[in-house]
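*Asks:* The structure follows.
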Amino acid sequence: MSRTFYSEYVNHCLRFYARHDRPKFHSEADKHNWAACDSALKSFSDNDRAMLLYIYREGDTVPDNIYQLAKSKGISQDSIWKLVNELERKVAKRRGLL
3 MSRTFYSEYV NHCLRFYARH DRPKFHSEAD KHNWAACDSA LKSFSDNDRA
53 MLLYIYREGD TVPDNIYQLA KSKGISQDSI WKLVNELERK VAKRRGLL
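Counting from 3, one number per residue, gives the positions in the sequence shown under our numbering.
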């Protein structure tokens, strides 16, 4: 589990994205954040995208959601964390944070 300086910001963006498929934007920044998440998620397979959206849609913390997902799918938490870190990096890059 590696957290970066942009993790909290990107986590906020991804939670908003995962929970609002037809959002009403309150600012240009919100619109750009949503588009960055949309673009980044499209680079993943359907299966990986579904897992990532689950992680950010559910009400628990990201680590707890990853734990639950790993347990239910019988896969390692590390493999899910790699996906999460890759997604965060892609969103951060699209938002000009990197």
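Just so you know, even glycine gets a beta-carbon here, dropped at the ideal spot from N, CA and C.
Could you give the residue range of the alpha helix (DSSP H) that holds Y11?
*Replies:* Looking at the DSSP string, the run of the alpha helix (DSSP H) that includes Y11 is 9–21.
*Asks:* For E30, does the count of other Cβ atoms within 10 angstroms reach 16, so buried, or fall short, so exposed?
*Replies:* exposed
*Asks:* Buried or exposed: I77, going by 16 or more other Cβ atoms within 10 Å of its Cβ?
*Replies:* Exposed, by the Cβ-count rule.
*Asks:* Can you tell me where the alpha helix (DSSP H) with K73 in it begins and where it stops?
*Replies:* 64–75
*Asks:* Tell me where the alpha helix (DSSP H) around S29 begins and ends.
*Replies:* That residue, S29, is in no alpha helix (DSSP H); it is neither H nor E in DSSP.
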